[in-house]
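Just so you know, we're using our numbering here: the sequence shown kicks off at 74 and counts up by one.
Quick reminder that beta carbons are idealized off the backbone N, C-alpha and C, glycines included.
The structure under discussion appears below in the form of structure tokens.
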Amino acid sequence: MSIRLGEAADLPKIRHLLRSSRSYLNAGLEDLPNLLNNAITVVGEDKGGELWGFLAFQIESRPATLPARAATRVSLRGAAVVQTLFGGPRLPRLINALLKEIPQQDQPLQLFALPAHSWLGSALQQSGFREVDQIRFYVRTQRELPILPGPAQLRPVQEADLDPLALLDSETFDPLWHMGRADLLQLCFTARVQVAEIEGQLVGYTATAVYVESDHPFTRSEAQIVRIAVHPSRQGQGIGRQLLVDSIVYAHSQAIYQIQLNTQESNKTSQRLYESFQFRAQGKNVPVLILNLPGGGDLGSVTGD
74 MSIRLGEAAD
84 LPKIRHLLRS
94 SRSYLNAGLE
104 DLPNLLNNAI
114 TVVGEDKGGE
124 LWGFLAFQIE
134 SRPATLPARA
144 ATRVSLRGAA
154 VVQTLFGGPR
164 LPRLINALLK
174 EIPQQDQPLQ
184 LFALPAHSWL
194 GSALQQSGFR
204 EVDQIRFYVR
214 TQRELPILPG
224 PAQLRPVQEA
234 DLDPLALLDS
244 ETFDPLWHMG
254 RADLLQLCFT
264 ARVQVAEIEG
274 QLVGYTATAV
284 YVESDHPFTR
294 SEAQIVRIAV
304 HPSRQGQGIG
314 RQLLVDSIVY
324 AHSQAIYQIQ
334 LNTQESNKTS
344 QRLYESFQFR
354 AQGKNVPVLI
364 LNLPGGGDLG
374 SVTGD
């Protein structure tokens, strides 16, 4: 069995592998051609030309607001492996092969994965990834509408807000979770983004996405609070609560009462906030795994620290 770089000609076989095997895909199947063009992709192939594995990581564009000391993020976009009784450590072999294909970079890289499946998380950890946190998921289904005034003025986001919001975001979140201007612009196309102002200064923002599956009576529409950010200098003043209530009110105005969000297991302050508004934890936590690569292309110093 061989491992090689993925090619455009592999697309039909990769699609079949994703549908028929253990798989993870952080994209739609329709996005696979773009993924093959832009991500670092390796495939495992048997002697008959059939694919037994697929793995893709993508080096993300580096936001101008990302701190200079921070590594450029490289995100897991897809993985699949044929399940066999005596297949051996196939996925770790793909991971190790892909690491050798990452091009030399002047700045350090941080490979990042949120493996919802134990088979994927186990293989990543066998290859040197380490768990740095977990993602906890919450849902709110109560129809009672909270009413809470706040200190900020809330309004829809404007294009002129994107640069200062990206700076606010970099000062609020760890670099691993930072959203730059391009990320925020994309968010504006998929969610309702509200900004919070005090005396003309941006102090926070929230993004709430609404998903309406269909008009069938047995399907459930839901909302997801994708992002809540309050500048560190303004935290503890009730702005986060105000933004959270605004998102709940918006979802209810769309006749949607199932509202989801997530946060890091380590973020106890946010957990207390969400739980005070009847959000309840659901499902299993998802591990946050990283692998650090130094700059200069020296893979001999790969570390999970």
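Quick check on residue i: does DSSP put it in helix, strand or coil?
i: F210; result: strand
i: N340; result: coil
i: S148; result: strand
i: S349; result: helix
i: I76; result: strand
i: L91; result: helix
i: F262; result: helix
i: N99; result: coil
i: L184; result: strand
i: Q355; result: strand
i: A324; result: helix
i: L158; result: Any answer about L158 is weak, because its pLDDT of 47 lies below 50 and its placement is not dependable; what the coordinates show is given next. Of the three classes helix, strand and coil, the one that applies to L158 here is coil, per DSSP.
i: V318; result: helix
i: Q331; result: coil
i: K86; result: helix
i: L193; result: helix
i: R239; result: Reading off the sequence shown, one finds Ala at residue 239, where the question assumed Arg. Note: A239 maps to helix in three-state DSSP.
i: I175; result: coil
i: I312; result: helix
i: A141; result: coil
i: Q198; result: helix
i: I168; result: helix
i: R307; result: helix
i: L109; result: helix
i: L257; result: helix
i: R216; result: coil
i: R163; result: helix
Give the C-beta separation of residue i and residue j to the nearest angstrom, bearing in mind that I take them to be a contact with Cβ-Cβ under 8 Å.
i: V361; j: L187; result: 6 Å
i: P237; j: P140; result: That pair is no contact at about 17 Å.
i: A129; j: G151; result: 4 Å
i: Q297; j: A282; result: 5 Å
i: R213; j: F352; result: 5 Å
i: L366; j: L149; result: Not confirmed; about 14 Å, so no contact.
i: V155; j: L164; result: That pair is no contact at about 10 Å.
i: R203; j: I363; result: 7 Å
i: Q180; j: G313; result: 32 Å between Cβ atoms; not a contact.
i: L182; j: T145; result: 5 Å
i: L167; j: D234; result: Contact doesn't hold; Cβ gap of about 42 Å is too wide.
i: S143; j: Q131; result: For clarity, residue 143 is Ala in the given sequence; the question names Ser instead. Not confirmed; about 17 Å, so no contact.
Using only alpha-carbon positions, find the residue among the options that is nearest to residue i.
i: Q355; options: L366, N340, R345 and L334; result: L334
i: G277; options: G309, Y284 and L218; result: G309
i: R135; options: G253, V359 and N340; result: G253
i: Q215; options: K173, W250, I168 and V322; result: V322
i: R358; options: Q178, F210 and R77; result: What sits at residue 358 in the sequence shown is Asn, not Arg. Closest option to N358, Cα to Cα, is F210.
i: R90; options: L124, R228 and A144; result: The question names Arg, yet the displayed sequence has Leu at residue 90. Closest by alpha carbon: L124.
i: I329; options: S306, S294 and P106; result: S294
i: S96; options: H190, A112, P181 and S343; result: H190
i: L109; options: G121, G126, L78 and G122; result: L78
i: E338; options: V205, L167 and V212; result: V205
i: G273; options: L105, L164, L98 and R228; result: R228
i: E286; options: F246, A302, Q331 and L275; result: Q331
i: T263; options: Y284, L275 and W250; result: Y284
i: E103; options: I301, L218, R88 and A137; result: R88
i: Q178; options: E133, T138, N169 and P219; result: E133
i: A269; options: L241, W250 and F246; result: L241
i: K120; options: A239, M74 and Y347; result: M74
i: L218; options: N111, S94, A324 and S93; result: A324
i: K341; options: L172, P106 and Q207; result: Q207
i: W250; options: T336, D234 and V230; result: T336
i: I76; options: L98, N111, P305 and L171; result: L171
i: Q344; options: R307, S306 and I301; result: I301
i: V147; options: N99, L105, S349 and G122; result: N99
i: V230; options: G122, T279 and E348; result: T279
According to DSSP, residue i sits in a beta bridge with which residue or residues?
i: Q267; result: P229 and T279
i: P360; result: Q207
i: F246; result: Note: F246 sits in no beta bridge, so no partner.
i: L72; result: As shown, the chain starts at 74 and ends at 378. That puts residue 72 outside it, with no answer to give.
i: A296; result: V283 and I332
i: L366; result: L182
i: A302; result: Y278
Tell me, please, whether the segment 247-261 touches the segment 213-225 by the rule of three or more beta-carbon pairs shorter than 8 Å.
These segments do not touch.
With contact counted as at least three CB pairs below 8 Å, one residue from each stretch, are the segment 314-334 and the segment 196-207 in contact?
no
Check whether the segment 82-92 and the segment 114-130 touch, using three or more Cβ-Cβ pairs below 8 Å as the test.
Segments in contact, yes.
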